[in-house]
Every structure is written in C-alpha cells, then in structure tokens.
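One structure below.
There are 2 protein chains.
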Amino acid sequence: MRKLHVYDTISLDGYFTDATNDMSWAHRRDPEWNQYVAGNASGDGALLFGRVTYDQMAAFWPTPQAAQMMPEVAAGMNRMPKYVVSRTMQKASWQNTTLVKGDLATEIGKLKAQDGPDLTILGSGNLISQLTELRLIDSYQLVLSPTILGKGRTLFQTVGERRTMTLTKSKTFSNGNVVLWYEPA
Amino acid sequence: MRKLHVYDTISLDGYFTDATNDMSWAHRRDPEWNQYVAGNASGDGALLFGRVTYDQMAAFWPTPQAAQMMPEVAAGMNRMPKYVVSRTMQKASWQNTTLVKGDLATEIGKLKAQDGPDLTILGSGNLISQLTELRLIDSYQLVLSPTILGKGRTLFQTVGERRTMTLTKSKTFSNGNVVLWYEPA
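Quick mapping for you: the protein sequence lines, in order, are chains C and H. Just so we're aligned, residue 1 is where the first sequence starts under the numbering used here, counting upward by one. Just so we're aligned, residue 1 is where the second sequence starts under the numbering used here, counting upward by one.
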C-alpha cells in the first residue's frame with residue numbers, strides 16, 4: 001500500500017490560491033528555500049492532481065522558462081509519474097501522465113493499492129477537500145507563508161465536519177515560511 | 001505611543017470562528033497549554049474588541065462557570081481595561097469597558113497615542129481586517145490549531161491587497177498548536 005501525501009503552501013488566511021487561481025505568491029527565491037524545494041522535487045515520488053492545477057502546471061513546467069527559472073524542480077516535475085483526476089478531460093498532454101476517471105474513492109483506493117512510489121498532491125484544493133472527507137490522505141505537508149491574500153480558496157472547503165490532525169514535525173525558514181507536517185488524528 | 005497587538009487562534013483553513021461564530025474549538029485543556037494561556041492573561045495589558053466578540057466574551061468571562069473552568073484567565077479578562085468598537089452599542093455592560101465610536105482610524109489612533117498598557121485584540125475578525133488595511137496593527141500572535149473547520153470567517157476578509165508579514169518567532173506545543181509571531185513587513 002503506498003501512501004498519499006499533500007504538499008501545499010497556504011496563506012495566513014488559509015488559502016492555497018488567491019481569488020484568480022494564482023499560486024505564484026507561494027514561490028520564494030532565497031537560496032535556503034530553493035534548496036528545500038529542490039530537495040523535495042529530487043525524490044522518486046508520483047504526483048496526483050485535480051484538473052485545474054494540472055492544467056496550470058502542464059502549461060508551465062515543460063516550458064524553457066521553467067527549465068531556466070527552476071531547473072531541478074522542472075526536471076523532477078516533468079520526469080515524475082503523474083495522475084490527473086478529471087471527469088471531462090479526454091487526453092492528458094503532459095509527459096508521464098495517467099488520466100483517472102470514475103468513482104473517486106474507488107479509483108484512489110486502487111491507485112494506493114498499486115505498487116509504486118508514494119503519491120503527492122500539489123495544489124488541487126477541490127481534490128484534497130474531497131479526499132480529506134473520504135479519509136484517504138495519509139499526511140499533509142503545509143507550508144504556511146507569511147502572506148495575507150484577502151480572498152481565495154482553502155484546501156478544505158467541502159469538509160462538513162470538524163477534523164483534528166496530529167502535528168508530527170515543523171520547521172521554520174528565514175524567509176518566514178513555516179513547514180508543518182500533519183497526519184489525520 | 002502604545003502598541004496594538006492581535007492574539008487569535010486560527011484553523012488550518014484560516015478561520016478564527018466556524019460558520020456559527022463558535023470559537024470554542026480553539027480552547028485546549030492540557031497543562032502545558034493552560035500554563036501558556038494563563039501566562040498571557042496575567043499581564044497588565046488592555047483589550048480591544050469588535051462588537052460580536054465583545055458580546056460573546058461579556059456573556060462568559062464574568063460568570064461563575066468561567067471562574068471555575070479557567071480561574072486565572074477569567075480574573076485577568078475581568079480585571080483588564082477593555083475597549084469595544086461599535087456603532088450601535090449604547091452601553092457596555094462588562095466591567096472596566098470603554099465604548100469606542102466614530103471614525104475607526106481616528107479613534108484607534110487616539111487610543112494608541114494615550115498613555116497606558118499595550119492593547120491586544122482577541123477574536124474580532126472584522127475589526128482586525130479593517131485595522132490591518134489601515135496598517136494600525138503592530139504585531140500578530142496567531143495560534144495555528146491542528147483543526148480543519150470547513151467553513152468559517154478569516155481575520156482578513158476585507159483586505160484588498162496582498163500583504164507580506166515578517167515572522168519574528170514561533171513555538172510548537174505538544175497539543176499540536178503552533179504559536180506564530182508576525183509583524184507587518
């Protein structure tokens with residue numbers, strides 16, 4: 001059984017995107033942070049996306065601009081096996097992508113039961129919210145950015161019942177980011 | 001010039017109250033946390049509230065139940081000088097309260113210029129959001145609770161422009177709370 005992880009940056013008002021679906025505010029450029037992010041992207045994991053985030057990432061990471069701005073991260077993003085959950089998508093254009101259709105709980109259950117590297121969800125608030133409700137996520141790595149957005153979308157907007165998580169680790173960076181690791185209680 | 005501070009507990013989805021204005025999920029009872037909260041309430045500060053939070057607190061802290069459940073905190077809350085911002089309130093019933101009316105920026109500016117202990121805002125999301133926009137808050141002490149609420153209100157819902165803050169300190173507790181100190185950048 002492989003694990004399903006979440007990695008997302010959230011603002012001080014709890015949003016992973018602003019009101020226009022922009023996630024660029026989450027990127028920092030200082031050397032300490034660059035090294036941390038590059039280390040995350042250098043592993044042999046697999047990635048899972050909702051459709052909106054997939055389309056945004058597929059439009060960026062394969063480009064020469066991405067390779068120039070963040071070479072290690074871009075190489076990792078393009079290389080890693082990717083899964084996208086969508087009812088409407090016909091074909092996934094980004095290399096190494098498998099399209100996931102059908103009942104969400106069943107399909108994600110099957111994916112976790114397959115042999116292979118652990119899965120990490122990036123972005124994808126709707127998907128994270130649904131999978132949190134289904135209790136299918138094994139850990140959440142949240143980067144708390146020292147940013148106020150005012151408006152945006154949370155990772156948990158369809159969660160109907162209060163949940164308490166267990167904090168397993170935390171790490172503070174000099175740019176003001178705090179990385180927090182949680183598991184469902 | 002006295003300083004204006006914020007102290008609030010927020011959920012992992014950024015909310016300081018749930019959809020029903022309930023803040024009770026933020027209270028933890030373990031000895032380590034009790035000691036931390038009692039230490040906060042033992043100082044000689046003054047408190048500033050919006051009307052909604054004031055009414056909730058005024059209905060709880062003067063009661064025998066509050067004195068029994070959290071004696072040090074209740075004594076501190078009742079003893080400290082309190083200010084409540086409201087356009088509609090005629091008279092503030094809780095002991096040691098001054099009613100603040102009129103233009104918000106002017107009145108809070110006057111309050112900060114008076115001699116006296118530093119001011120701390122508790123709860124009061126609408127007030128915090130407005131005072132953040134007016135750049136009148138000097139520091140934010142946010143307790144990040146390991147809780148998902150699903151729906152609720154943020155501290156910054158009227159902030160129209162992205163803000164970055166400076167993280168000055170952080171402290172992790174065994175109950176999973178992470179206390180974060182920020183100042184406007």
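Backbone N, C-alpha and C fix where the C-beta goes; we use that ideal spot for every residue, glycine too.
Under 8 angstroms by Cβ, that's how I've got residue i and residue j pegged, so tell me the actual separation to the nearest angstrom.
i               : j               : result
R2 of chain C   : P117 of chain C : 7 angstroms
V84 of chain H  : A75 of chain H  : So it is not a contact: roughly 20 angstroms between Cβ atoms.
I137 of chain C : L4 of chain C   : 5 angstroms
G45 of chain C  : M80 of chain C  : 6 angstroms
A26 of chain H  : S145 of chain H : 6 angstroms
T154 of chain C : G125 of chain C : 7 angstroms
Q130 of chain C : W181 of chain C : The Cβ separation is near 22 angstroms, so there is no contact.
T132 of chain C : S170 of chain H : T132 of chain C to S170 of chain H, Cβ: 25 angstroms. No contact.
M77 of chain H  : A41 of chain H  : 7 angstroms
A58 of chain C  : W94 of chain C  : 4 angstroms
T106 of chain C : K82 of chain C  : No, T106 of chain C and K82 of chain C are not in contact; Cβ-Cβ is about 20 angstroms, not under 8 angstroms.
L119 of chain C : L111 of chain C : 7 angstroms
G123 of chain H : T53 of chain H  : 3 angstroms
A185 of chain C : T158 of chain C : Going by Cβ atoms, the distance from A185 of chain C to T158 of chain C rounds to 19 angstroms, so no, they are not a contact pair.
T9 of chain H   : V143 of chain H : 4 angstroms
L48 of chain C  : I121 of chain C : 5 angstroms
From the DSSP output, in three-state form, read off residue i for me.
i               : result
Y15 of chain C  : coil
I137 of chain C : coil
M165 of chain C : strand
V159 of chain H : coil
A46 of chain C  : strand
K91 of chain C  : coil
G125 of chain H : helix
S170 of chain C : strand
L131 of chain H : helix
T98 of chain H  : strand
State the start and end residues of the unbroken alpha helix (DSSP H) segment that holds residue i.
i               : result
A66 of chain C  : P64 to M69
L104 of chain C : L104 to A113
P31 of chain C  : P31 to A41
T53 of chain H  : R51 to A58
Counting along the chain, where does the beta strand (DSSP E) carrying residue i start and finish?
i               : result
L149 of chain C : First-last for L149 of chain C: undefined, no H or E at that position.
H5 of chain H   : L4 to I10
P184 of chain H : V178 to P184
Taking 7 angstroms as the cut-off, is the CB of residue i close to at least one heavy atom of the ligand MG?
i              : result
A59 of chain C : Among the components modelled here there is no ligand, and therefore nothing to report on the ligand MG.
Q. Can we say the stretch 143 to 150 of chain C touches the stretch 3 to 19 of chain C, given the rule of at least three CB pairs closer than 8 angstroms?
A. Result yes; three or more Cβ-Cβ pairs closer than 8 angstroms.
(Q) If the cut-off is 8 angstroms on Cβ atoms, which residues from the stretch 142 to 170 of chain C count as contacting chain H, listed in chain order? (A) Answer set for the stretch 142 to 170 of chain C: L142, L144, P146, T147, I148, L149, G150, K151, T154, L155, F156, Q157, T158, V159, G160, E161, R162, R163, T164, M165, T166, L167 and S170.
Q.
Three or more C-beta pairs under 8 angstroms: does that hold for the stretch 24 to 43 of chain C against the stretch 173 to 182 of chain C?
A. Verdict: yes, contact present.
Q: Could you name the residues of the stretch 9 to 36 of chain H whose beta carbon sits closer than 9 angstroms to any beta carbon of chain C, in the order they occur along the chain?
A: Answer in chain order: I10, S11, L12, D13, G14, Y15, D18 and W25.
Q | Interface residues of the stretch 171 to 185 of chain H facing chain C [CB-CB below 7 angstroms] | A | Against chain C - using a Cβ distance shorter than 7 angstroms - the residues of the stretch 171 to 185 of chain H are T172, G176, V178, L180 and Y182.
Q: With 8 angstroms as the limit, tell me which residues of the stretch 104 to 134 of chain C have their beta carbon closer than that to any beta carbon of chain H; keep them in chain order.
A: Listed in sequence order: T132.
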